[in-house]
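**Student:**
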Amino acid sequence: MNLFKLLQTGVARGIITDEQRKQLEALSRETAPASGGSAMSNVLFYGGGALAMLAMVVLMAASFDSFGWGGMAVLSVLYTGGFMALVNRFKAREGMAVATSVVAVLPVLTLPFLIFAVQNMMGLWDAGYSGTGADLRAWAIELTAFGMGMVMFRLVREPLQLLPVLVSAWLMLMDVSGGGDILFMSDTLRGITALYGVGVFGLSIWLDMRSVGTGKDLSWWGYIVAATAVLGGLSLLWDGGEGGKLLFAVFSALMVLGGGMLARRMVAVYGSIGVGIYLVYLVSQMVTSLLGAAVILVALAFGVIWLGMQWYRNEQAIMARLRRVLPQRMQTLIELRLRAPL
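Count the sequence shown with my numbering and you get residues 47 to 388, in order.
(1) Mind checking ASP221: buried by the 16 CB within 10 Å criterion, or exposed?
(2) Only counting runs of 4 or more residues, tell me where the alpha helix (DSSP H) segments fall wholly within the stretch 281–335, in order along the chain.
(3) Can you tell me whether MET167 is helix, strand or coil according to DSSP?
(4) Keeping to the same chain, check which residues put their C-beta closer than 8 Å to that of LEU300; ignore five residues upstream and five downstream.
(5) Would TYR242 pass as a contact of TRP266 if the rule is Cβ separation under 8 Å?
(6) Grab the span of the alpha helix (DSSP H) containing PRO373 for me, first residue to last.
(7) Taking only three categories from DSSP, how would you classify GLN66?
(8) Let me check understanding here. Comparing Cα to Cα, which of ILE270, GLN165, THR274, GLY193 lies closest to ASP181?
(9) Look up GLY278 in the DSSP assignment and say whether it is helix, strand or coil.
(10) Roughly how many angstroms lie between the CA atoms of LEU336 and LEU124, to the nearest whole one?
(11) DSSP on ARG139, reduced to helix/strand/coil?
(12) Kindly indicate which three-state DSSP category ILE270 falls into: helix, strand or coil?
(13) With 16 other CB atoms within 10 Å as the buried threshold, where does ALA163 fall?
(14) Assuming MET218 and TRP185 make a contact with CB atoms under 8 Å, what is their CB distance in whole Å?
(15) To the nearest angstrom, report how far apart GLU140 and VAL151 are at their CA atoms.
(16) Less than 8 Å between the C-beta atoms of LEU121 and MET106, yes or no?
(17) Determine the extent of the alpha helix (DSSP H) in which PHE243 is found, giving its start and end residues.
(18) Is ALA119 near LEU155, with beta carbons less than 8 Å apart?
(19) For a test of the three-state rule: what should DSSP assign to ILE61, helix, strand or coil?
(20) Could you tell me the distance, in whole angstroms, from the CA atom of ARG59 to the CA atom of ALA72?
Set out below in structure tokens:
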């Protein structure tokens, strides 16, 4: 229940007067930290950022066609400098947190183009790219993206800034491992991806504990990347026979439980997808007819709904016990997160 609904309930129960409710709501608005803008403006900011990325790619291609690699290098410098100037401009203005965050992603994408163009001007890519094994040229580009991402994360300190850092770190890890072509994701790469996801989970929890009281959810994208990496990496277990499939379901169920403990719904959603995949597989193995499979799936659906009702009735007590194993700072943060934002 958010503050405004709580105040309305207080008026309905005679705890406070309607005039006091209005005064408290006004005080809440005055003392609330500046947001990144309205929901509609945020959508426009993200849409503008996406269009800017598309325009950047088109202009890079056009500059290469007209002026070669030198043109791409010059345009990369201009793009990066222009976006950095916009970041500083937006950062100085109140209520522009989302716009600043979106624009701050763009230099992370443009600077690697400069490295790629310079490498081509030096003839380093004349031999082509195999897509496998150690490649210092690719490492230089990925390290540039990672380094620029870290710079922007330190400069802006918004949740979105963590995303390019984590993605570029994953790409570097894939290249360093030498496990084959990323596009085909060998078992080695999937295993490393799953372990990387576990590491990102740990990083996200650490960021959570560091951000208590700041009002910023810096680890939001971290949990998304971690859940995606773990679930994608665990897909290697699916090829390991019945035992592997069962382990896939167990780890997915643990993600559901962990997401609930940490009050991270998206993690729980990812885990539930994995559990659902396993249940559908079990049904397909048990029943050969479509009608029989449909009946069992309907029964499972109602069973899950019933479990959801039981969970809803006892969730607070269950989670209170489970969260006792977490550090006190983490428990405090979860309590703050569970209270709906103003």
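For each residue, glycine too, the CB sits at the ideal point set by N, CA and C. On a predicted model such as this, the values are computed, not experimentally measured, just so you know.
**Tutor:** Let me spell this out:
(1) Using a 10 angstroms sphere on the CB of ASP221, the tally of other CB atoms reaches 16 or more, which defines it as buried.
(2) With a minimum length of 4 residues, the continuous alpha helix (DSSP H) runs that stay inside the stretch 281–335 are 287–307, 311–332.
(3) In the structure shown, MET167 sits in a helix (DSSP, three-state: H, G or I).
(4) Closer than 8 Å at the Cβ level, and outside the excluded window around LEU300, lie GLY317.
(5) Going by C-beta atoms, TYR242 is not nearer than 8 Å to TRP266.
(6) Here PRO373 belongs to no alpha helix (DSSP H), and DSSP marks it neither H nor E.
(7) Of the three classes helix, strand and coil, the one that applies to GLN66 here is helix, per DSSP.
(8) Just measuring C-alpha positions, the residue of ILE270, GLN165, THR274, GLY193 sitting nearest ASP181 is GLN165.
(9) The answer is helix: DSSP assigns GLY278 an H, G or I state.
(10) LEU124 has its alpha-carbon roughly 59 Å from the corresponding atom of LEU336.
(11) In this structure, ARG139 counts as coil in the three-state DSSP scheme.
(12) In this structure, ILE270 counts as helix in the three-state DSSP scheme.
(13) In the assembly as shown, ALA163 is a buried residue. Its beta-carbon has 16 or more other beta-carbons within 10 Å.
(14) 7 Å between Cβ atoms; contact.
(15) Going from the Cα of GLU140 to the Cα of VAL151 covers about 19 Å.
(16) Taking 8 Å as the cut-off, the beta carbon of LEU121 is found closer than this to the beta carbon of MET106.
(17) Sequence inspection shows Gly at residue 243; the Phe mentioned does not correspond to that position. Start and end: 233–256.
(18) No.
(19) Of the three classes helix, strand and coil, the one that applies to ILE61 here is coil, per DSSP.
(20) If you take the alpha carbons of ARG59 and ALA72, they lie about 21 Å apart.
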